[in-house]
Amino acid sequence: MQPVATRSIAVAGPASAALRHRSARTSAAPFVCLGCRSVQRRQPQHRRPFSATTSTQTDLRSGLTKLTSRRLISVSGPDASKFLQGVITNNITAPHNANGFYTGFLTAQGRVVHDVIIYPDELGPEPGKQSFLIEVDANEAVTLHKHIKRYKLRSKFNLKLLEPEERALYHTWNDVADESGGPWSKLVDEVQKDGSAKAVPDPRVPAFGSRVIVNQASSSSSSPLSTGDLTPESTYHLRRFLLGIPEGQSEIISGTALPLESNMDVMNGIDFRKGCYVGQELTIRTKHRGVVRKRILPCVLYSGDAAPEIPDDGPGQLEALEKLLKPEVEEGVNAEIIPQGASIDKVDKKSRSAPGKWLRGIGNVGLALCRLEVMTDTVLPGETPGMYSPEQDFVVSVGGEEGSEVEAKKVKVKAFVPFWLRDVWRIEAEKAEEERRMREELLRDRDIDVE
Numbered sequence: 001m002q003p004v005a006t007r008s009i010a011v012a013g014p015a016s017a018a019l020r021h022r023s024a025r026t027s028a029a030p031f032v033c034l035g036c037r038s039v040q041r042r043q044p045q046h047r048r049p050f051s052a053t054t055s056t057q058t059d060l061r062s063g064l065t066k067l068t069s070r071r072l073i074s075v076s077g078p079d080a081s082k083f084l085q086g087v088i089t090n091n092i093t094a095p096h097n098a099n100g101f102y103t104g105f106l107t108a109q110g111r112v113v114h115d116v117i118i119y120p121d122e123l124g125p126e127p128g129k130q131s132f133l134i135e136v137d138a139n140e141a142v143t144l145h146k147h148i149k150r151y152k153l154r155s156k157f158n159l160k161l162l163e164p165e166e167r168a169l170y171h172t173w174n175d176v177a178d179e180s181g182g183p184w185s186k187l188v189d190e191v192q193k194d195g196s197a198k199a200v201p202d203p204r205v206p207a208f209g210s211r212v213i214v215n216q217a218s219s220s221s222s223s224p225l226s227t228g229d230l231t232p233e234s235t236y237h238l239r240r241f242l243l244g245i246p247e248g249q250s251e252i253i254s255g256t257a258l259p260l261e262s263n264m265d266v267m268n269g270i271d272f273r274k275g276c277y278v279g280q281e282l283t284i285r286t287k288h289r290g291v292v293r294k295r296i297l298p299c300v301l302y303s304g305d306a307a308p309e310i311p312d313d314g315p316g317q318l319e320a321l322e323k324l325l326k327p328e329v330e331e332g333v334n335a336e337i338i339p340q341g342a343s344i345d346k347v348d349k350k351s352r353s354a355p356g357k358w359l360r361g362i363g364n365v366g367l368a369l370c371r372l373e374v375m376t377d378t379v380l381p382g383e384t385p386g387m388y389s390p391e392q393d394f395v396v397s398v399g400g401e402e403g404s405e406v407e408a409k410k411v412k413v414k415a416f417v418p419f420w421l422r423d424v425w426r427i428e429a430e431k432a433e434e435e436r437r438m439r440e441e442l443l444r445d446r447d448i449d450v451e
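Residue numbers (full-length UniProt numbering): 1 to 451.
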């Protein structure tokens, strides 16, 4: 197996299409992933604090993390593909999903139960037969195992919740001009001799990085890396927050979150042309007849009067965010102590319904479910701008609960739309405009024929 460079992998879907579209528009400095900006700047790597709970210094530009927050479930047997096709939002038979894909399990009412990544498992327990690995939030792995078992009925496949000692899951990213490849390259080199590693680009946002799955049971070295080679997992989560990628039940609330509000559609997680699956009706109706007014977006916490300036452009946006990162908003206050579901309100008045709800964060950044036309400058389809004001500040309450050592106070919140999501929306708008123009031309030609 050859070492996989994050910036050289193409993935099908809305997010990857947006990145390809940006490349076509910028011939002087083609945009493939976050690494291009580092190559252009040719600046040496620098390190920034990333968490209030650790003294480790690390860099967001390259790293290798062992994902202890995720676990794998093995599904293998003659009916494995057919069964999964009927209970997930994506199309397991689509050619662009051959290496792995993002998807979700829904309730009958169209609410997300589990968000997962599914990989074909060439090293499965039954060689030559259909076998898949389902990556899920570690805290909910047992629940998903029971969920699949409940719907299995007479389907012929074996189901097993894998132990961390059987399969190790890593995430790697490399956005710097470094030919050595770093620890992630070392990991693949160590295990490629016996073919026990599988490297897959993260299917949600191509700029995010790649997954590496190591079959430790068949690997000649159960631990190819030392602890010093690994980046703390909190750095992975911080990078994910900055790109606005929700993951797991602490951010995509099980039984409550809607797939489109959770960005599953723009992260290549839903196939709107596949056949029936559990929860399809509401999902399709929302896509074609409704308007998605809320989405999970990255947020920056700050104190003081002036809100941080966050450019819309990709390079400028990430450079600005790197400069804003702090382990605390102010002394004793950070994103970790904000309770999940805390309401985000306007600073000067209380709205009838809260414009946003806090989900999870690290240091002074995190994710929140935000009302787009109130907290960002996004103009929804068929509507006119006017509800958003750049002078409007938003706050979230911190502390004050019974037993809390933190005094009750309010922290200001600045939500922003990640650059890749703006590209997805722009491409979708251009496509819709082209389809509208073609329909008008078709109707005009039809009228001429009738005359």
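We put the CB at the ideal spot given by N, CA and C, even for glycine. Note that the structure is a prediction, hence the values are computed from the model and not measured.
Quick check on the burial criterion: 16 or more other C-beta atoms within 10 angstroms. Buried or exposed for residue i?
i: cysteine 370; result: buried
i: phenylalanine 394; result: buried
i: valine 424; result: buried
i: leucine 64; result: buried
i: alanine 24; result: No answer about alanine 24 holds up, because its pLDDT of 44 lies below 50 and its placement is not dependable.
i: proline 78; result: exposed
i: threonine 54; result: With a pLDDT of 36 at threonine 54, under the threshold of 50, the modelled position of that residue is not reliable, and the figure given next carries that caveat. Classification for threonine 54: exposed.
i: phenylalanine 101; result: buried
i: glutamine 40; result: The predicted position of glutamine 40 is uncertain, since its pLDDT is 38 and thus under 50; a value taken from the coordinates is nonetheless stated next. That one is exposed.
i: histidine 288; result: exposed
i: proline 95; result: exposed
i: alanine 174; result: Going by the sequence as given, residue 174 is asparagine instead of alanine. Asparagine 174 comes out buried.
i: phenylalanine 272; result: exposed
i: valine 116; result: buried
i: residue 453; result: It is not possible to answer for residue 453, since the shown part of the chain is limited to 1 through 451.
i: isoleucine 338; result: buried
i: aspartate 312; result: exposed
i: glutamine 216; result: buried
i: tyrosine 151; result: exposed
i: lysine 431; result: exposed
i: leucine 153; result: exposed
i: serine 303; result: exposed
i: aspartate 345; result: buried
i: asparagine 139; result: exposed
Under the assumption that residue i contacts residue j (Cβ atoms under 8 Å), give the Cβ distance between them as a whole number of angstroms.
i: tryptophan 358; j: valine 396; result: 5 Å
i: leucine 72; j: leucine 162; result: 5 Å
i: residue 452; j: arginine 70; result: Outside the shown range of the chain, which is 1 to 451, sits residue 452, and nothing can be said about it.
i: glycine 255; j: threonine 376; result: Rounded, the Cβ-Cβ distance is 27 Å, inconsistent with contact.
i: lysine 419; j: glycine 314; result: Lysine is not the amino acid found at residue 419; the sequence shown has phenylalanine there. Between glycine 314 and phenylalanine 419 the Cβ distance is about 4 Å, and since that is below 8 Å, they are a contact.
i: leucine 159; j: lysine 149; result: 6 Å
i: leucine 372; j: arginine 293; result: 6 Å
i: proline 381; j: valine 291; result: 6 Å
i: aspartate 137; j: glutamine 249; result: 5 Å
i: glutamine 130; j: alanine 98; result: Rounded, the Cβ-Cβ distance is 13 Å, inconsistent with contact.
i: leucine 242; j: leucine 321; result: 5 Å
i: isoleucine 296; j: threonine 283; result: Wrong, their Cβ atoms sit about 16 Å apart, outside the cutoff.
i: threonine 103; j: threonine 93; result: Not really, about 13 Å apart at Cβ, beyond 8 Å.
i: residue 452; j: valine 176; result: Because residue 452 is not part of the residues shown, which for the chain are 1 to 451, the question remains open.
Figure out for me which residue from the options has the closest Cα to the Cα of residue i.
i: valine 75; options: Arg437, Tyr119, Glu373 and Phe208; result: Tyr119
i: alanine 141; options: Val113, Met387 and Gln392; result: Val113
i: glutamine 392; options: Asp348, Tyr277 and Val214; result: Asp348
i: arginine 111; options: Leu258, Leu325, Gln85 and Pro355; result: Leu258
i: phenylalanine 416; options: Lys409, Leu318 and Glu440; result: Leu318
i: glycine 275; options: Pro206, Leu60, Phe83 and Thr68; result: Phe83
i: glycine 332; options: Gly363, Ser343 and Gly341; result: Gly363
i: proline 201; options: Pro298, His171 and Leu230; result: His171
i: histidine 147; options: Glu322, Val87, Asp175 and Ile117; result: Val87
i: glycine 228; options: Val374, Leu297, Lys66 and Ile92; result: Lys66
i: alanine 306; options: Gly341, Thr283 and Pro390; result: Pro390
i: arginine 211; options: Val176, Arg167, Glu251 and Val411; result: Arg167
i: leucine 367; options: Pro298, Ser196 and Tyr388; result: Pro298
i: glutamate 309; options: Glu435, Leu324 and Thr286; result: Leu324
i: proline 206; options: Glu434, Val266, Met438 and Glu430; result: Val266
i: glutamate 356; options: Glu261, Arg422, Arg426 and Asp447; result: Per the sequence shown, residue 356 should be read as glycine rather than glutamate. It is Glu261.
i: valine 398; options: Ser343, Arg422, Ala429 and Ile253; result: Ser343
i: serine 196; options: Ile213, Pro203 and Arg204; result: Ile213
i: threonine 68; options: Gln280, Thr231 and Arg437; result: Thr231
What are the partner residues of residue i, as DSSP defines its beta bridges?
i: histidine 171; result: Thr65 and Arg211
i: arginine 70; result: Asp137
i: residue 458; result: Residue 458 lies beyond the range of the chain shown here (1 to 451); nothing can be said about it.
i: arginine 439; result: Bridge partners of arginine 439: none, in fact.
i: glutamate 262; result: Residue identity differs from the one stated: residue 262 is serine in this sequence, not glutamate. Paired residues: none, contrary to the question.
i: leucine 369; result: Ile296 and Lys357
i: serine 397; result: Lys410
i: alanine 415; result: Cys299
i: alanine 197; result: Val214
i: phenylalanine 101; result: Ile118
**Request:** Return the chain-ordered ranges of every beta strand (DSSP E) run that is complete within the segment 294-367 and spans a minimum of 3 residues.
**Result:** 294-302, 343-346 and 356-362
**Request:** Could I get the ranges of all uninterrupted beta strand (DSSP E) runs contained in the segment 104-164, with 3 residues as the minimum, in chain order?
**Result:** 112-120, 131-137 and 158-161
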